[in-house]
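Residue numbers (this note's numbering), protein chains in the order written: chain B, 2 to 124; chain A, 11 to 393. Think of the CB as a built atom: it goes at the ideal place given N, C-alpha and C, for glycine as much as any other residue.
In structure tokens, the structure reads:
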């Protein structure tokens with residue numbers, strides 16, 4: 002399964018009829034040591050671009066935005082309990098939430114791996 | 011990166027050590043190296059961290075009312091600088107360093123600084139000063155203007171400043187200069203290191219034992235490399251410098267102190283000498299002496315959020331019944347504490363240790379309490 006990315010450095014990956022969301026390895030590297038994560042409640046709905054989660058490093062706080070509109074169907078308590086996982090495995094074990102899309106066509110606007118790589122290098 | 015940024019003499023070394031560089035006070039400075047902020051912080055508390063603080067302003071202030079080394083020369087230069095700061099400089103011992111503040115006429119803090127009296131007899135009548143990078147031009151202009159006819163300021167732009175901080179710092183420095191390892195906290199001694207004139211002060215900005223070493227620019231890299239050669243020493247960036255000083259409860263000028271805050275409000279009244287409290291004679295003395303007597307309207311306090319979420323600079327502080335009582339001026343995560351820590355100003359009535367307050371983070375109240383500082387115990391070498 003392939004990753005797609007937003008310009009705000011979230012990644013999205015399909016899993017059944019929902020999508021897993023996290024922050025990119027590039028973003029995790031830029032953030033530095035993550036010390037705090039706040040995730041939305043299951044059942045909450047967001048529009049694309051809404052701030053839905055917070056990640057804080059020693060240096061600063063950053064918002065995590067909803068990459069697509071939809072309803073939260075899962076949240077990864079493991080990264081709340083151990084925020085350092087976000088640095089250790091940002092595109093694997095340290096996923097943030099799973100969202101059930103209200104408009105799957107929004108996925109089309111996201112970048113693929115190659116486009117994101119170029120975007121991240123130049124941003 | 012804009013080419014207008016200034017560079018310290020250690021700039022090439024930072025790049026070769028893999029530093030991530032950021033703008034700070036007009037300089038291109040390392041915010042972190044390969045270890046990252048968290049590990050750099052912990053390394054400094056466990057072993058020794060090397061910091062380039064060459065962007066700070068160093069200067070020598072010399073009396074023009076007496077010759078250096080003459081009888082009464084120290085008293086002349088001390089009287090001159092005491093017109094600008096509330097510290098006891100007259101009775102500062104030879105070779106002693108003192109933390110002080112430059113004040114405006116309203117008793118507000120224009121900058122915090124270190125003032126050191128030379129140890130040598132032939133240096134009496136001179137003071138060595140270190141001020142903040144962002145404030146140095148303003149500070150030096152103020153001092154020159156205010157002390158015209160009494161003293162001459164010689165800005166030491168030809169000198170770099172390297173800090174070595176942490177429990178291993180003394181043994182590392184002693185490897186280069188055996189006598190420096192014997193220095194007590196807040197003393198400065200001059201040394202000839204391999205033909206290089208160093209001024210070594212025991213102290214720093216992390217709460218750990220350590221040293222700040224003033225070195226001629228052309229020898230700064232050689233000194234840094236000599237210190238970094240020790241396996242206990244890692245280079246540390248500005249990120250960890252900030253988390254270390256926050257845990258140590260130390261003010262960052264421009265954030266935790268501004269021209270509007272007095273040293274009493276800033277909870278650094280220890281910097282106001284006993285004789286100065288009786289005599290006054292420093293800018294804003296009326297306000298400051300009044301605050302010493304009656305207590306300040308607001309006070310800088312430590313804050314410990316109850317959960318894991320950090321509260322950052324600018325977060326509003328509320329009483330538990332929702333009244334605005336102050337603002338966070340520095341906040342983040344304390345790696346040694348293992349949780350969020352902050353400092354800020356609260357109304358005097360809410361400044362008692364243990365007071366429950368709320369910090370407004372992302373529009374939500376975050377439970378916190380007023381805490382004693384430092385958050386991580388100081389480990390200075392008082393000898």
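- By the rule that beta-carbons nearer than 9 Å mark a contact, residue 18/B does not touch chain A.
- Residue 249/A reaches chain B at 33, 59, 60, counting residues in chain order whose Cβ is nearer than 8 Å.
- The beta-bridge partner set that DSSP reports for residue 368/A consists of 328/A, 377/A.
- Our two residues, residue 274/A and residue 228/A, have alpha carbons roughly 41 Å apart in a direct line.
- Residue 148/A places its beta carbon 9 Å or farther from that of residue 219/A.
- Contact residues of the region 226-255 of chain A toward chain B are 249, 250, 252, 253 (C-beta to C-beta distance below 9 Å).
- At least one beta carbon of chain B lies nearer than 9 Å to the beta carbon of residue 48/A.
- Taking all protein chains shown into account, residue 280/A has fewer than 16 neighbouring C-beta atoms within 10 Å of its C-beta and is therefore exposed.
- Taking 9 Å as the cut-off, the beta carbon of residue 315/A is found no closer than this to the beta carbon of residue 36/B.
- Checking the DSSP bridge columns, you'll see residue 15/B partnered with 20/B.
- Within the region 28-53 of chain B, the residues whose Cβ lies closer than 7 Å to any Cβ of chain A are, in chain order, 33, 34, 36, 37, 39.
- Under the DSSP assignment, residue 175/A falls outside any alpha helix (DSSP H), being part of the beta strand (DSSP E) whose first and last residues are 169-175.
- Pairing residue 83/A with residue 283/A, the inter-Cα distance amounts to about 20 Å.
- The three-state secondary structure of residue 87/A, taken from DSSP, is helix.
- Within the model, the alpha-carbon separation for residue 374/A versus residue 110/A is close to 38 Å.
- Counting the other Cβ atoms within 10 Å of the Cβ of residue 118/A gives 16 or more, which makes it buried.
- When DSSP reads this structure, residue 56/B sits in a beta bridge with 38/B, 63/B.
- Among the residues of chain B, those whose CB is under 8 Å from the CB of residue 42/A are 33, following chain order.
- At a beta-carbon threshold of 8 Å, none of the residues of chain A lie near residue 65/B; the nearest stands roughly 12 Å away.
- Non-local C-beta neighbours of residue 104/B in its own chain, meaning closer than 6 Å and more than five positions away in sequence, comprise 70, ordered along the chain.
- Looking only at 55/A, 16/A, 347/A, the smallest Cα-Cα distance to residue 246/A is reached by 55/A.
- For residue 72/B, the secondary structure class from DSSP, reduced to helix, strand or coil, is strand.
- Residues of chain B with a Cβ closer than 8 Å to the Cβ of residue 213/A do not exist, since the nearest Cβ in that chain sits about 24 Å away.
- DSSP lists 59/A as the beta-bridge partner residues of residue 244/A.
- Contact note: residue 318/A reaches chain B through 37, using a C-beta cutoff of 7 Å and chain order.
- Under the Cβ distance rule, residue 55/A does not count among the residues neighbouring chain B, no pair being separated by less than 9 Å.
- Taking 9 Å as the cut-off, the Cβ atoms of residue 93/A and residue 23/A do not count as close.
- At least one beta carbon of chain B lies nearer than 9 Å to the beta carbon of residue 345/A.
- In its chain, beyond the 5 residues on either side, 72 have a beta carbon closer than 6 Å to the beta carbon of residue 46/B.
- Taking C-beta atoms under 8 Å as the contact rule, residue 221/A and residue 210/A qualify, at a distance of about 6 Å.
- Taking a Cβ-Cβ threshold of 7 Å, none of the residues of chain A is close to residue 87/B; the smallest such distance is about 12 Å.
- Per DSSP, reduced to three states, the secondary structure at residue 181/A is helical.
- Looking at the DSSP output, residue 210/A bridges to 199/A, 223/A.
- Partner residues in the beta bridge of residue 122/A, as assigned by DSSP, are 111/A.
- By the C-beta density criterion, residue 332/A is exposed, having fewer than 16 other C-beta atoms within 10 angstroms.
- Of all residues in the region 163-189 of chain A, none comes within less than 9 Å of chain B when Cβ atoms are compared.
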